[in-house]
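Colleague: Per the working numbering, residue 5 is the first one in the sequence shown, and the count goes up by one each step.
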Amino acid sequence: MKKIIIHLVPIVISFVWLIEICHTFNPFTLKGPGFLKFYLLLLFGFYSSIFILKLLKETISKTTLYWMLLIFVVGIIKVIRGILLGRPVGFLVMILILECIVILLFKLFYVKNKIKK
């Protein structure tokens, strides 16, 4: 339960920012810079919650990996939407490549920790 609450905090903060600043509930309707701000706020907040869990000596659970994949899918959907609309998506593609590498590293460490136990 503690892990879920810690992971929900940055997600709630990013959606509160989305509602207060952009006046929308749908992040996919945002233009490029607005979506990048939302997405980076979501990413930095979520990964900081992972590091907080590591400082508390908690293990990375499947829930964490599912949240990471869900955030990645949000970025992929926005990239596809941007490509279909003919918009530049270079920064978002670079962020998604870095996020994919981070997810693979976390998955590698998750499997390694599972084998040790």
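Quick reminder that beta carbons are idealized off the backbone N, C-alpha and C, glycines included. A quick note: this is a predicted structure, and the numbers were derived from the prediction, not measured.
Return the residue from the list S52, M5 and C26 that minimises the CA-CA distance to K15.
Modeller: The displayed chain sequence assigns Ile, not Lys, to residue 15. Among S52, M5 and C26, the Cα nearest to that of I15 belongs to S52.
Colleague: Work out the CA separation of K61 and I75 for me, nearest whole Å.
Modeller: Answer to the nearest angstrom: the Cα atoms are 24 angstroms apart.
Colleague: Alpha carbon to alpha carbon, what distance is there between F95 and K35?
Modeller: Distance between the alpha carbons of K35 and F95 is about 13 angstroms.
Colleague: For F50, I'd like the list of residues in its chain whose CB is within less than 8 angstroms of its CB, leaving aside the five on either flank, ordered along the chain.
Modeller: For F50, where only same-chain residues beyond five positions count, the Cβ hits under 8 angstroms are H11, P14, I15, W71, M72 and I75.
Colleague: Measuring straight from C-alpha to C-alpha, what distance separates R85 and I25?
Modeller: C-alpha separation (whole angstroms): 22 angstroms.
Colleague: Measuring alpha carbon to alpha carbon, tell me which of V78, I8, C104 and I56 ends up nearest T33.
Modeller: Closest option to T33, Cα to Cα, is V78.
Colleague: Would you mind giving the Cβ-Cβ distance between T4 and I8, rounded to the nearest angstrom? I have them listed as a contact below 8 angstroms.
Modeller: For residue 4 there is no data in the structure shown, the boundaries of the chain being 5 and 121.
Colleague: Taking all protein chains shown into account, decide if I54 is buried (16 or more other Cβ within 10 angstroms of its Cβ) or exposed.
Modeller: The residue in question, I54, is buried, as its Cβ has 16 or more Cβ neighbours within 10 Å.
Colleague: Leaving out five residues before and five after I87 in sequence, what residues of the same chain have Cβ atoms less than 8 angstroms from its Cβ?
Modeller: V93, listed in sequence order.
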